[in-house]
Each structure stands twice: as structure tokens, then as C-alpha cells.
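Asks: Quick one: the structure is below, and I'll ask about it shortly.
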Amino acid sequence: MSRFLPDRFPAPSKPRPVSGGIKAQSKRGAFGERWWSKRWIGVLEGFELGARLRRGRAYARQGQVIDIAIEPQGVSARVQGSRKVPYAVRIEVTPLRAAQWRRVADNIVQTPRFVAMLLNGEMPEDIEDAFQAAHCTLFPQSIADVSTECSCPDWSNPCKHVAAVYYL
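Residue 110 in the working numbering sits at position 111 of the sequence shown, with consecutive numbering throughout.
Quick look at the structure:
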């Protein structure tokens, strides 16, 4: 008989229900309606982060994210887990340097369609071309470009709370 018995590990905990939490629009299947949200998810899933993303998807669909704040330096959120107090989540992506932003802006203004769409609140599907021409990227290239923090006791990065915010 194995000395590593499965009953020595606690059963996975269930999150506390949240009233009015932010839920993903999809109940199953793919996340994201717009090209850039699909691209963001594709980039993250390409980092092969494993089961944490799957658990985060479930949290996002269940509405475990209480709130999200988009700030200049990143994203802050509160996510309800199995404990009474929600966990504080922080996500930051390595920002472009000022010189990179200038090159990107120069590339964008050379394409009137980009300017018109951006002024209309739309993200052109080929806007990444302006970033590539400036020798930088719109989305993270590796998980090292994404910095995360969560107040939960889970040592994994990302934990399911961070992953839930990724999906929203």
C-alpha cells in the first residue's frame, strides 16, 4: 500500500456565494466577444499555466469576482473564495516605455482608419501592426511580462483568483 494516501489531502474548498458578482458572459465554451479579449485569453492560455486557468474560468462564470478597478498601473480586484474575507488581486503588465509609445502613436496617426476607429471607441483588429512596426507588442510575450499578487494562501502563480480576473 502506498504511503501517499489520497485522504491525507483536504478536499477542494467551495467558494462562498457572491450576490451581484461580475460574471462572464459565456456559460460555457470560449471566452470573449471582441477580437482583443479573445487574443488576451489566447495569449494567457498559450503560457500553459495549467489547471489554475481552468479553476479561474469556473470562478469567472460563477460570479466570484466582486469588483474590478482598471488603473494606470494595472488592475485591482476583489475575488470571493472559500474564506469569509474576499481576496485582493493585483495584475500588472509590463508597460511600454515613453519612446515606444511615441513610435506606436506615430504609426497609428499614419493610418487614418486607426484614428477614426479609436476615436469611436473601437479597437482595430490590425492595430498590432502599429506596435510591431514600433518593435514592441500590445500583448505580453511571456508570463514574465505579467506581474500578479493575491492575498490568498495559495503559492501558485497564477492562483484561481488571479485567473478569474484574467478572464473578465
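Just so it is clear, CB atoms sit at the ideal spot from N, CA and C, and this is done for glycine as well.
Source: prediction; values computed, not measured.
Which of the three DSSP states, helix, strand or coil, is assigned to residue 77?
Replies: Taking the first residue of the sequence shown as position 1, residue 77 is located at position 78. In the structure shown, residue 77 sits in a strand (DSSP, three-state: E or B).
Asks: Note down, in chain order, each residue of its chain lying with its Cβ closer than 6 Å to the Cβ of residue 145, except the 5 sequence neighbours on either side.
Replies: Taking the sequence shown and counting its residues from 1, one reaches residue 145 at position 146. Excluding residues within five positions, the ones whose Cβ falls inside 6 Å are 92 and 139.
Asks: With residue 68 as the anchor, note down where its beta strand (DSSP E) starts and where it stops.
Replies: Reading the sequence shown from its first residue, position 69 is the one you call residue 68. Segment 64-70, the beta strand (DSSP E) holding residue 68.
Asks: Put residue 146 into one of helix, strand or coil per three-state DSSP.
Replies: Position 147 of the sequence shown holds residue 146. Note: residue 146 maps to strand in three-state DSSP.
Asks: If you drop the 5 nearest sequence neighbours on each side, which residues of the same chain put their C-beta closer than 6 Å to that of residue 52?
Replies: For the purposes of this step, residue 52 is taken as residue 53 along the sequence shown, with counting starting at 1. Hits under 6 Å: 162.
Asks: Does the region 111-122 come close enough to the region 53-67 to have 3 or more Cβ pairs within less than 8 Å?
Replies: At 8 Å Cβ cutoff, the stretches do not touch.
Asks: On the criterion of 16 or more Cβ atoms from any shown chain inside 10 Å, does residue 234 qualify as buried, or is it exposed?
Replies: A question about residue 234 goes unanswered here, because the residues of the chain that appear run from 0 up to 167.
Asks: Could you have a look at residue 159 and say whether DSSP puts it in helix, strand or coil?
Replies: Your numbering for residue 159 matches position 160 in the sequence shown. Three-state result, residue 159: helix.
Asks: Please go through the same chain and pick out, in chain order, the residues whose beta-carbon is closer than 7 Å to the beta-carbon of residue 130, but skip the five residues on each side of it.
Replies: In the sequence shown, counting from the first residue as 1, residue 130 sits at position 131. Excluding positions up to five away in sequence, the list reads 103, 136 and 137.
Asks: From residue 134 to residue 24, what does the alpha carbon distance come to, in whole angstroms?
Replies: On the sequence shown, position 135 is the one that residue 134 refers to. On the sequence shown, position 25 is the one that residue 24 refers to. Looking at the two C-alpha atoms, the distance is approximately 34 Å.
Asks: Nearest to residue 165 by CA position, among 105, 29 and 43, is which residue?
Replies: The sequence position of residue 165 within the sequence shown is 166, counting from 1. If we check each option's Cα against that of residue 165, 43 comes out closest.
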